[in-house]
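Numbering (the working numbering), first residue to last: -8 to 372. Each residue gets a CB set at the ideal place from its N, CA and C atoms; glycine is no exception. On a predicted model such as this, the values are computed, not experimentally measured, just so you know. A short write-up of the structure that comes next.
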Amino acid sequence: MNPSWPVVVVGAGVAGSFMAARLAHAGVGVLLVEKSLFPRPKVCGACLSGRALAVLDQSGIPAMAGLPKKLGMIPLDRFRLGTTAGEATVALGAGGALSRIAFDAALVQEARRSGATVWEGTEAVAVEDGDGFQRLRLQAPDGSRDVEARLVVIADGLGGKLSSRLLPGSVARDSRIGAGCVLGPDHAGSYAPGTIHMACGDGGYLGLVRQEDGSLDLAMAADRPAILAAGGPGPLAEQWLESCRWPVPFGLGRAAWRGTPPLTRRRVAGVPGIVAVGDAAGYLEPFTGEGMGWALEGAESLSRIILSEMSRGFPGAAHVRWAREHARVSRRRHAACRIMVGALRIRGLPALAVRLLRWFPGAAWPVTWLLDRQSVPRRLP
Ligand SMILES: Cc1cc2nc3c(=O)[nH]c(=O)nc-3n(C[C@H](O)[C@H](O)[C@H](O)COP(=O)(O)OP(=O)(O)OC[C@H]3O[C@@H](n4cnc5c(N)ncnc54)[C@H](O)[C@@H]3O)c2cc1C
């Protein structure tokens, strides 16, 4: 007999760990498997939106409320946009900067504390349909083993092989790719804490933010040809900062950059016995830095669906309800993001935006509203 759980969650990023914590806290048996060992790095702008913080605060898990603050999150009160034509700064109100090293490790810890079984250093390599259950093949350094689940929640992120194999989807042809690195406190230069510094250049943009330990997080979304032409993400970041007349942090060219697969993608979020959440269920370019908020919000909605299906022959229609809800929310996000990201690609438009913002700072409301709003949808999907 293989060990069996009602729910197995694959991937302990923001979505997977929150999901496991939420279900375990409600009394559901959950196994969370993660291929890395914590703490582990992740390419990210490290900015938590007001909405992301609100989901944690309202999760019903006491330790989740205010967790980023307890970890030393730096409140973000400014968004500084840099272009070749100068810069503009607008006020923010609700979000914060927190390293993924600290945040993700703490979320896994909360999943454990809530009662989930967590296996780090364990990769899910295959899922097979059994008779009313799913059989997962897990690979760990000491060998492979099989476990069974009534429902598999895949939260394996943007480059997840399992989600791309098991769930139909597509990647946008003109999608940008992501890259990021972290520079130690000695190399953070003059980039002030509490501000999102966003440098726009030819072929993409670069966000810089000071983290709780004084280090500087750099994350970019760029056209692949621009990265190739510059000779890598480091030189491209230098070019963009110089074109904005912003200081180039010492050691940037030699920093260890990590890349991501193409960013913008759509996916069907549920098939019988399997659901996907977070980046595994689809993603959009990160200009407004909302990926973690979307991942947390998605995990919250999906856990509510799972808990309501528990009372009637689990997993029941969980995958159908989640796929429908996810498609509805994604359609709305795609429409809003397509306008923002499309506008940023128009040559000269970021420079025009800076001129406009100098005269009318209120014109930044779409960005500040997206980053600051704190309401969490309460409707049961
Ligand atoms: C350049 C860039 C900048 C960004 N900036 C921001 C920002 O400022 N603010 C923001 O909110 N969002 C930002 N995002 C988005 C954010 O990083 C993601 O949306 C978020 O991390 C999604 O969380 P997730 O849990 O879905 O995936 P991830 O955090 O990627 O976690 C997936 C986990 O699954 C594990 N895994 C993968 N495959 C397996 C397997 N087979 N078995 C076991 N484990 C597996 C991985 O090791 C990983 O730990 C940015 C993204 C990029 C690329």
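On the criterion of 16 or more Cβ atoms from any shown chain inside 10 Å, does Asp204 qualify as buried, or is it exposed?
Classification for Asp204: exposed.
So Leu275 and Cys328 are supposed to be a Cβ contact under 8 Å. How far apart are they, rounded?
With a Cβ gap of about 4 Å, Leu275 and Cys328 count as contacting.
Straight-line CA distance for Met(-8) to Val138?
Cα-Cα distance, rounded: 9 Å.
Taking the alpha-carbon positions, what's the Tyr182 to Val200 distance?
Straight-line Cα distance between these residues: approximately 7 Å.
Quick check on this structure: which residue in Gly261, Ala290, Thr75 has the alpha carbon closest to the alpha carbon of Ala342?
Measuring C-alpha to C-alpha distances from Ala342 to each of Gly261, Ala290, Thr75 identifies Thr75 as the nearest.
Less than 9 Å between the beta carbons of Thr432 and Trp(-4), yes or no?
Only positions -8 to 372 of the chain appear in the structure, and residue 432 is not among them; the question remains open.
Helix, strand or coil at Asp95 [DSSP, three-state]
Asp95 carries a helical assignment under DSSP once its states are collapsed to helix, strand and coil.
Along the chain, where does the beta strand (DSSP E) that runs through Leu197 open and close?
First-last of the beta strand (DSSP E) with Leu197: 195 to 201.
Measuring only from the beta carbon, is Glu114 closer than 8 Å to any heavy atom that is part of ligand 1?
Remark: the shortest separation between the CB of Glu114 and any heavy atom of ligand 1 falls under 8 Å.
Hey, could you find the ends of the beta strand (DSSP E) Ile161 is sitting in?
A quick correction: the sequence has Ser, not Ile, at residue 161. Note, Ser161: beta strand (DSSP E), 160 to 162.
In the structure shown, what three-state DSSP assignment does Phe29 receive?
DSSP places Phe29 in coil when its eight states are reduced to three.
Mark Arg167 as exposed unless 16 or more other C-beta atoms lie within 10 angstroms of its C-beta, in which case mark it buried.
Flag for Arg167 reads buried.
In the DSSP assignment, find the beta strand (DSSP E) that holds His188 and state where it starts and stops.
His188 -> beta strand (DSSP E) spans 186 to 192.
Per DSSP, which residues does Phe241 bridge with? Please list them.
Bridge partners of Phe241: none, in fact.
Can we say the region 264 to 279 touches the region -1 to 14, given the rule of at least three CB pairs closer than 8 Å?
Using a C-beta cut-off of 8 Å, the region 264 to 279 makes contact with the region -1 to 14, since at least three inter-stretch Cβ pairs fall below that distance.
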